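Engineer: Quick one: the structure is below, and I'll ask about it shortly.
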Amino acid sequence: MTIRELLERQGDRFFRWRSYLPLLVIPFFALAIKDFTYPWGSYRLYLAWSFLCLAVSGFGLGIRLVTAGFIPYGTSGLNTKAQAALSLNTTGIYSLVRHPLYLGNFFIWLGVALFVRTWWFVLLIAALFGFFYERIMLAEERFLEAKFGDQFRDWAAQTPAFLPRWSHWRQADLSFSLKTAVKREYNAFFAIITGYFVLTLAGTAIAEGRLHFNGPWTAIFAAGAVIYLTIRFLKKKTNWLRVEGR
6 MTIRELLERQ GDRFFRWRSY LPLLVIPFFA LAIKDFTYPW GSYRLYLAWS FLCLAVSGFG
66 LGIRLVTAGF IPYGTSGLNT KAQAALSLNT TGIYSLVRHP LYLGNFFIWL GVALFVRTWW
126 FVLLIAALFG FFYERIMLAE ERFLEAKFGD QFRDWAAQTP AFLPRWSHWR QADLSFSLKT
186 AVKREYNAFF AIITGYFVLT LAGTAIAEGR LHFNGPWTAI FAAGAVIYLT IRFLKKKTNW
246 LRVEGR
């Protein structure tokens with residue numbers, strides 16, 4: 006087995022379990038946050054910093070929403086058992102970068118890492134992200150090359166894997182569908198909101214030595230839960246979020 010084949014095989018495993026990869030950093034997070042304090046002892050600065058970190062993760066979610074809103078049915082799915090693609094996306098955001106969903110994931114992870122304000126934890130998150138997602142991308146590209154052949158190779162030759170090349174923009178074949186974007190990414194939205202709610206609870210508890218539900222984040226979590234449950238109901242019980250060909 007060549008090194009590339011080994012990495013691709015690892016990528017297949019990581020692909021199936023990619024939703025659970027963040028759980029691996031919990032022990033490191035606990036170590037990084039154990040001596041957490043408010044920035045310069047200020048609770049207001051702490052809230053401002055948490056919102057800034059949320060904005061970084063929100064930027065990542067925005068990338069995922071833009072990606073999901075333009076793609077047709079059967080591509081860039083949330084499947085976990087095996088690779089699947091009915092067509093190859095090469096326009097829109099896919100004309101700038103080959104793996105926009107994972108670029109979005111990077112910013113989501115980055116925002117969480119920045120929250121604890123510990124330099125080694127940020128570097129660790131970046132390193133772990135590179136370790137896992139490099140292999141996942143290799144496995145995905147092996148599948149796409151086998152299925153689409155020269156079409157994939159031509160696209161890959163001129164489109165960067167991870168860092169966007171803005172000069173290569175090509176208009177997306179489909180118009181943006183907000184319903185499709187919301188339907189695909191509402192779980193990620195609520196995961197981010199829940200994650201930051203837990204982070205702020207932990208940060209406050211360690212800094213103050215007591216569990217304290219701060220008003221802004223409690224309100225954000227409650228609003229996020231209402232939005233999540235509403236979207237889930239619309240997706241499961243109605244046809245309102247269904248879009249033909251998406």
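Position one of the sequence shown corresponds to residue 6 (the numbering used here), numbered consecutively onward.
Note that the Cβ used here is the ideal one computed from N, Cα and C, for glycine as well.
Since the structure is predicted, the reported quantities are computational estimates derived from the model, not experimental observations.
1. For my contact list, W106 and T72 are in at a C-beta cut-off of 8 Å; report their separation, rounded to the angstrom.
2. Using the Cβ count rule (16 or more neighbours within 10 Å means buried), how would you classify S55?
3. What span of residues does the alpha helix (DSSP H) with L29 cover, start to end?
4. Going by C-alpha to C-alpha distance, which of F34, D40 and I113 sits closest to R214?
5. Alpha carbon to alpha carbon, how far is V231 from R197? Give it in angstroms, no decimals.
6. How is G154 classed by DSSP in three states: helix, strand or coil?
7. My guess is that G74 and A186 are in contact by the Cβ rule of under 8 Å, so how many angstroms apart are they, rounded?
8. Count Cβ pairs between the segment 125-142 and the segment 209-228 that sit closer than 8 Å; are there 3 or more?
9. My parser needs the alpha helix (DSSP H) runs of 4 or more residues fully inside the segment 166-250; what are they?
10. Quick one: what's got a C-beta closer than 6 Å to A90's C-beta in the same chain, skipping five residues either side?
11. Could you say if the segment 160-178 and the segment 95-103 meet the contact criterion of at least three C-beta pairs nearer than 8 Å?
12. Kindly list the residues whose CB is nearer than 6 Å to the CB of A118, restricted to its own chain and excluding five residues on each side of it in sequence; keep chain order.
13. Any idea if T42 is buried or exposed, counting beta-carbon neighbours within 10 angstroms, 16 or more meaning buried?
14. Which same chain residues, not among the five before or five after L115, have their C-beta less than 8 Å away from its C-beta?
15. Quick check on K242: buried or exposed, where buried means 16 or more other Cβ atoms within 10 Å of its Cβ?
16. Whole angstroms are fine: how far does the CA of G250 sit from the CA of T235?
Structural biologist: Quick answer:
1. Translated into positions along the sequence shown, residue 106 becomes position 101. Translated into positions along the sequence shown, residue 72 becomes position 67. One detail in the question is off: residue 106 reads as Leu in this sequence, not Trp. With a Cβ gap of about 6 Å, L106 and T72 count as contacting.
2. Working through the sequence shown from its first residue, we reach residue 55 at position 50. The residue is buried, with at least 16 neighbouring Cβ atoms inside 10 Å.
3. As a working mapping, residue 29 is identified with position 24 in the sequence shown. L29 -> no alpha helix (DSSP H), and no H or E assigned at all.
4. Against the sequence shown, residue 214 aligns to sequence position 209. The sequence as given places Gly at residue 214; Arg does not occur at that position. Of the candidates F34, D40 and I113, the one whose C-alpha sits nearest the C-alpha of G214 is D40.
5. Here the question's residue 197 lines up with position 192 in the sequence shown. Here the question's residue 231 lines up with position 226 in the sequence shown. As written in the sequence, residue 197 is Ile, which differs from the Arg given in the question. Cα to Cα, I197 sits roughly 14 Å from V231.
6. As a position in the sequence shown, residue 154 is number 149, starting the count at 1. In the structure shown, G154 sits in coil (DSSP, three-state: anything other than H, G, I, E or B).
7. Along the sequence shown, one-based indexing puts residue 74 at 69. Along the sequence shown, one-based indexing puts residue 186 at 181. In this structure G74 is in contact with A186, their Cβ atoms being roughly 4 Å apart against a cut-off of 8 Å.
8. Too few Cβ pairs lie closer than 8 Å, so no.
9. Segments of the alpha helix (DSSP H) lying fully in the segment 166-250: 183-213 and 220-242.
10. Residue 90 sits at position 85 when you count from the first residue of the sequence shown. Excluding sequence positions up to five before and after A90, its CB lies within less than 6 Å of the CB of T80, all in the same chain and listed in chain order.
11. They touch, by the three-pair rule.
12. For the purposes of this step, residue 118 is taken as the residue at position 113 of the sequence shown. So the list reads F126, V127 and I130, once near-sequence residues are dropped.
13. Counting from one through the sequence shown, the residue named residue 42 turns up at place 37. T42 comes out exposed.
14. Taking the first residue of the sequence shown as position 1, residue 115 is located at position 110. If we look at L115 and ignore the five residues flanking it on each side, its Cβ neighbours are V61, S62, G65, V127, I130 and A131.
15. Reading the sequence shown from its first residue, position 237 is the one you call residue 242. For K242, the number of other beta carbons within 10 angstroms of its own is below 16, and it is reported as exposed.
16. To locate residue 235, count along the sequence shown from 1; it is residue 230. To locate residue 250, count along the sequence shown from 1; it is residue 245. Cα to Cα, the separation comes out at about 23 Å.
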